[in-house]
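Chains P and G, in that order, are what the protein sequence lines are.
The numbering of the first sequence is the numbering used here, which starts it at 121 and goes up by one.
The numbering of the second sequence is the numbering used here, which starts it at 101 and goes up by one.
Ideal Cβ placement from N, Cα and C applies to all residues, glycine included.
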Amino acid sequence: MSEATLFGLCAAALVGLGLYGLVCHPGALRKILAFNLLGSGVFLLFGVVARRGADPASGLGGDPVPQALVITGLVVAFAATAIAVALVLRLAATLGRTGLEPERPAGPDRKPEDRS
Amino acid sequence: MSVGPLVDIGLALLILSLAVWIIATRATYRAAEGFVAYGLLAALVWVRLGSVDVALTEAALGSGLTGLLLLRAAARLPADDPAETSRPSPGLRLLVGVLSALVAAGLAAVVLLLPEPAPSLAPAAMASLPETGLGNPVTGVLLAYRAVDTLGESVVLVLALAGLWSLAADGAWGGRPASLRSAPAGNALRFLAQVLPPFGILVAIHIFWIGADYPGGKFQAATILAAMWVLVLVAGLRQPPPVTSRRMRWLVVFGSLAFLAIGLAGIGLADAFLAYPDGWAKPLILVIEATLTLSIAVILGLLLAGPPADDRSEPGS
Chain P
121 MSEATLFGLC AAALVGLGLY GLVCHPGALR KILAFNLLGS GVFLLFGVVA RRGADPASGL
181 GGDPVPQALV ITGLVVAFAA TAIAVALVLR LAATLGRTGL EPERPAGPDR KPEDRS
Chain G
101 MSVGPLVDIG LALLILSLAV WIIATRATYR AAEGFVAYGL LAALVWVRLG SVDVALTEAA
161 LGSGLTGLLL LRAAARLPAD DPAETSRPSP GLRLLVGVLS ALVAAGLAAV VLLLPEPAPS
221 LAPAAMASLP ETGLGNPVTG VLLAYRAVDT LGESVVLVLA LAGLWSLAAD GAWGGRPASL
281 RSAPAGNALR FLAQVLPPFG ILVAIHIFWI GADYPGGKFQ AATILAAMWV LVLVAGLRQP
341 PPVTSRRMRW LVVFGSLAFL AIGLAGIGLA DAFLAYPDGW AKPLILVIEA TLTLSIAVIL
401 GLLLAGPPAD DRSEPGS
């Protein structure tokens, strides 16, 4: 198995893991983390495609077009993460909590919440 | 080369187990720490995949700056209250797990069924590279073949900063960004913030300069510059400028404006938007890279510094 295939399978697993964390984690910051993991898996898939397009004739270790796309993607992912983190911090400062579930009326199994 | 496959298998196992741990651990701060290590491992994977340009970006931006962002946020947020944040029921988690595994299996099947021989734009990218005067095909894609993507990206960064600033509380507008402010820094941190930046700036200029011919370039250099600035801010040696500072706002848009101006000049001088006149490609690309490096460094630092905060009502500072 070539290293491209190996890391391709690894990237597929990372996407699955990130997706699971994104859906199942209640905390907003953990969702951002999981989303970054998912994105990292997608970027690695680009890297695998780039590696398969290696051109020994010109001495290139990979296709430069997907590589350039990933560099652009990494920078945009950072900008998006910065905005998402700022949103979570603002939410926490406003509501005093970090969960994303809407405020439900107090059920029998939940302590009543103060609504200010 | 016989060690290569073993290294690859070990790296893949390590990165997968770390990812599982990041998702599974309950402490948010620990997960953010794990993400920093994960980014460095991912950079190693990029080296193994032959993409040194991406490896540099991943290590500096994906691991370093994103890690700092997440660690600061995890430290500032109140700890998750288990009563407040309800995890999905086990049945639902199982369902999500199965569906996520299906997505992963689908992607794995795609990886295994990729066409042979692999389609590649590498020969085409190399064929026209001498006309640009560049030696690094990735820089060629970023600033010559697909310059319009890079222009769009530099504008996206400006818009992201505007979006971040718009999250400021009404009373805080006009203040200084406060997310990097912390308790008085220890002597070791202050010393590091005084000694390291000159070397960091030299390294950044080197990475920027060799980017034309070897792995490196404006994004990597800008990230290193931003990291040096952020180090100075975290140590409390300098304050970030207020968001109303006109000089800083010019710095933020300077790179995109210069890029756009050169692109528009291309319509008159080379018959197409973002085309370079014959023989002028290399100097123009260097000008664009230099201005973008400066602007992107400022934007990255400001994205980390967060929205402006009111000095008086800021808690915990």
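### Message
Tell me the rounded alpha-carbon separation between residue 216 (chain P) and residue 336 (chain G).
### Response
Indexing the first sequence from 1 puts residue 216 (chain P) at position 96. Indexing the second sequence from 1 puts residue 336 (chain G) at position 236. Computed Cα separation, rounded: 27 Å.
### Task
Write down every uninterrupted run of the alpha helix (DSSP H) in the stretch 160–246 of chain G whose length is 4 residues or greater and which is fully enclosed by it, in chain order.
If we require 4 residues or more, the alpha helix (DSSP H) runs fully inside the stretch 160–246 of chain G come out as 166–176, 190–212, 222–227, 229–232 and 237–240.
### Supposed contact pair residue 164 (chain P) and residue 127 (chain P) - C-beta distance, whole angstroms, cut 8 Å
On the first sequence, residue 127 (chain P) is found 7 positions in, with the first residue counted as 1. On the first sequence, residue 164 (chain P) is found 44 positions in, with the first residue counted as 1. Indeed they touch by this definition, with Cβ atoms about 6 Å apart.
### Message
In the DSSP output, which residue or residues are listed as bridge partners for residue 180 (chain P)?
### Response
Residue 180 (chain P) sits at position 60 when you count from the first residue of the first sequence. Paired residues: P:175.
### Task
Run the CB neighbour count on residue 184 (chain P), radius 10 Å, all protein chains shown included, and call it buried at 16 or more, exposed below.
Reading the first sequence from its first residue, position 64 is the one you call residue 184 (chain P). Per the 10 Å Cβ criterion, buried.
### Query
Which residues does DSSP pair with residue 277 (chain G) in a beta bridge?
Here residue 277 (chain G) corresponds to residue number 177 of the second sequence, with the count starting at 1. For residue 277 (chain G), the beta-bridge partners assigned by DSSP are G:408.
### Query
In terms of alpha-carbon separation, which member of G:257, G:385 and G:329 lies closest to residue 299 (chain G)?
Numbered from its first residue, the second sequence carries residue 299 (chain G) at position 199. Just measuring C-alpha positions, the residue of G:257, G:385 and G:329 sitting nearest residue 299 (chain G) is G:329.
### Task
Using only alpha-carbon positions, find the residue among G:295, G:405, G:136 and G:293 that is nearest to residue 280 (chain G).
In the second sequence, counting from the first residue as 1, residue 280 (chain G) sits at position 180. Taking the Cα of residue 280 (chain G) as reference, the smallest distance to any Cα among G:295, G:405, G:136 and G:293 is reached at G:405.
### Task
Closer than 8 Å, Cβ to Cβ, to anything on chain P: give me those residues from the stretch 216–228 of chain G, in chain order.
Interface annotation for the stretch 216–228 of chain G against chain P: 218, 219, 220, 221, 222, 223, 225 and 226, criterion Cβ-Cβ distance under 8 Å.
#### Entry: Pick from G:123, G:169 and G:409 that is closest to residue 270 (chain G), judged by C-alpha positions
The sequence position of residue 270 (chain G) within the second sequence is 170, counting from 1. Comparing Cα positions, the closest option is G:409.
### Query
Does any C-beta atom of chain P lie closer than 8 Å to the C-beta of residue 189 (chain G)?
Translated into positions along the second sequence, residue 189 (chain G) becomes position 89. Residue-level contact check: residue 189 (chain G) does not touch chain P, since none of the beta carbons of chain P fall below 8 Å from its beta carbon.
### Task
Report back the beta-carbon spacing between residue 399 (chain G) and residue 358 (chain G) to the nearest angstrom; my notes put them in contact at under 8 Å.
Against the second sequence, residue 399 (chain G) aligns to sequence position 299. Against the second sequence, residue 358 (chain G) aligns to sequence position 258. Not really, about 14 Å apart at Cβ, beyond 8 Å.
### Message
For residue 177 (chain P) and residue 155 (chain G), what's the separation of their Cα atoms in angstroms?
### Response
Locating residue 177 (chain P) in the first sequence gives position 57, where the first residue counts as 1. Locating residue 155 (chain G) in the second sequence gives position 55, where the first residue counts as 1. Using only the alpha carbons, I get a separation of about 23 Å.
### Message
Could you check whether residue 256 (chain G) and residue 353 (chain G) sit closer than 8 Å to each other, using their CB atoms as the reference points?
### Response
Start at 1 with the first residue of the second sequence, and residue 353 (chain G) comes out as number 253. Start at 1 with the first residue of the second sequence, and residue 256 (chain G) comes out as number 156. For residue 353 (chain G) and residue 256 (chain G), no; Cβs fall outside 8 Å.
### Query
Secondary structure at residue 151 (chain P), three-state DSSP: helix, strand or coil?
What you label residue 151 (chain P) is simply residue 31 of the first sequence in a count that begins at 1. In the structure shown, residue 151 (chain P) adopts helical secondary structure according to DSSP, grouped into three states.
### Task
Taking residue 306 (chain G) as part of the alpha helix (DSSP H), name the residues at either end of that continuous run.
Within the second sequence, residue 306 (chain G) is the residue found at index 206, counting from 1. 287–310 is the span of the alpha helix (DSSP H), which, as asked, contains residue 306 (chain G).
### Task
With 8 Å as the threshold, decide whether the Cβ of residue 369 (chain G) is near any Cβ in chain P.
Position 269 of the second sequence, counted from the first residue, corresponds to residue 369 (chain G). Not an interface residue.
#### Entry: Under 8 Å between C-beta atoms of residue 161 (chain G) and residue 323 (chain G)
Taking the second sequence and counting its residues from 1, one reaches residue 161 (chain G) at position 61. Taking the second sequence and counting its residues from 1, one reaches residue 323 (chain G) at position 223. Taking C-beta atoms as the reference points, residue 161 (chain G) and residue 323 (chain G) count as a pair closer than 8 Å.
### Task
Locate the alpha helix (DSSP H) running through residue 152 (chain G), then write down its first and last residues.
Counting from one through the second sequence, the residue named residue 152 (chain G) turns up at place 52. In the DSSP assignment, residue 152 (chain G) falls within the alpha helix (DSSP H) that extends over 152–157.
### Task
Please list the partners that residue 146 (chain G) has in chain P, where partner means a Cβ-to-Cβ separation under 7 Å.
Working through the second sequence from its first residue, we reach residue 146 (chain G) at position 46. Under the 7 Å cutoff, chain P gives 167.
### Task
Would you kindly report the start and end of the unbroken alpha helix (DSSP H) that includes residue 117 (chain G)?
Looking up residue 117 (chain G) in the second sequence gives position 17. Residue 117 (chain G): member of the alpha helix (DSSP H) spanning 103–124, first to last residue.
### Beta-carbon neighbours of residue 209 (chain P), restricted to chain G and to distances below 8 Å
Position 89 of the first sequence, counted from the start, is the residue given in the question as residue 209 (chain P). What residue 209 (chain P) touches in chain G, judged by beta-carbon distance under 8 Å, is 173, 176, 177, 279 and 406, going in chain order.
### Query
How would you list, in chain order, the residues of chain G whose beta-carbon sits under 7 Å from the beta-carbon of residue 155 (chain P)?
For this step, residue 155 (chain P) is matched to residue 35 along the first sequence. Going along chain G, no residue has its Cβ under 7 Å from residue 155 (chain P), so there is no contact; the nearest lies around 11 Å.
### Query
If you measure from the beta carbon of residue 256 (chain G) to each beta carbon in chain P, is any gap under 8 Å?
Counting from one through the second sequence, the residue named residue 256 (chain G) turns up at place 156. Yes, its Cβ sits closer than 8 Å to a Cβ of chain P.
### Proximal residues to residue 401 (chain G) (C-beta, below 7 Å), its chain only, five neighbours per side dropped
For the purposes of this step, residue 401 (chain G) is identified with residue 301 of the second sequence, where counting begins at 1. Taken in chain order, the residues that qualify are 326, 329 and 330.
### Message
Let me see if you follow: with CB-CB separation under 8 Å, is residue 149 (chain P) close to chain G or not?
### Response
If you number the first sequence from 1, residue 149 (chain P) lands on position 29. By the rule that beta-carbons nearer than 8 Å mark a contact, residue 149 (chain P) touches chain G.
#### Entry: Alpha-carbon to alpha-carbon, residue 275 (chain G) and residue 342 (chain G)
Mapped onto the second sequence, residue 342 (chain G) falls at position 242. Mapped onto the second sequence, residue 275 (chain G) falls at position 175. If you take the alpha carbons of residue 342 (chain G) and residue 275 (chain G), they lie about 5 Å apart.
### Message
Would you say residue 108 (chain G) lies against chain P (beta-carbon separation less than 8 Å)?
### Response
Sequence index remark: in the second sequence, residue 108 (chain G) carries index 8 (1-based). Taking 8 Å as the threshold, the shortest C-beta distance from residue 108 (chain G) to chain P falls below it.
### Below-8 Å beta-carbon distance, residue 235 (chain G) vs any chain P residue
As a working mapping, residue 235 (chain G) is identified with position 135 in the second sequence. No, its Cβ sits nowhere closer than 8 Å to a Cβ of chain P.
### Query
Going along chain G, which residues have a C-beta under 9 Å from residue 137 (chain P)?
Locating residue 137 (chain P) in the first sequence gives position 17, where the first residue counts as 1. Going along chain G in sequence order, the residues near residue 137 (chain P) (Cβ under 9 Å) are 116, 119, 120, 122, 123, 200 and 204.
### Query
Which value, in whole angstroms, describes the spacing of the CA atoms of residue 382 (chain G) and residue 202 (chain P)?
As a working mapping, residue 382 (chain G) is identified with position 282 in the second sequence. As a working mapping, residue 202 (chain P) is identified with position 82 in the first sequence. Cα to Cα, residue 382 (chain G) sits roughly 33 Å from residue 202 (chain P).
### Message
Which of the three DSSP states is assigned to residue 332 (chain G) in this structure?
### Response
Stepping through the second sequence from its first residue, residue 332 (chain G) is reached at position 232. If DSSP states are grouped into helix, strand and coil, residue 332 (chain G) belongs with the helices.
#### Entry: Simplified DSSP assignment, three categories, for residue 123 (chain P)
Numbered from 1 along the first sequence, position 3 holds the residue referred to as residue 123 (chain P). For residue 123 (chain P), the secondary structure class from DSSP, reduced to helix, strand or coil, is helix.
### Task
Work out the CA separation of residue 137 (chain P) and residue 120 (chain G) for me, nearest whole Å.
Working through the second sequence from its first residue, we reach residue 120 (chain G) at position 20. Working through the first sequence from its first residue, we reach residue 137 (chain P) at position 17. A direct Cα-to-Cα measurement between residue 120 (chain G) and residue 137 (chain P) gives close to 7 Å.
### Message
Looking at residue 141 (chain G): is its Cβ nearer than 8 Å to the Cβ of residue 169 (chain G)?
### Response
For the purposes of this step, residue 141 (chain G) is taken as the residue at position 41 of the second sequence. For the purposes of this step, residue 169 (chain G) is taken as the residue at position 69 of the second sequence. No. Outside cutoff.
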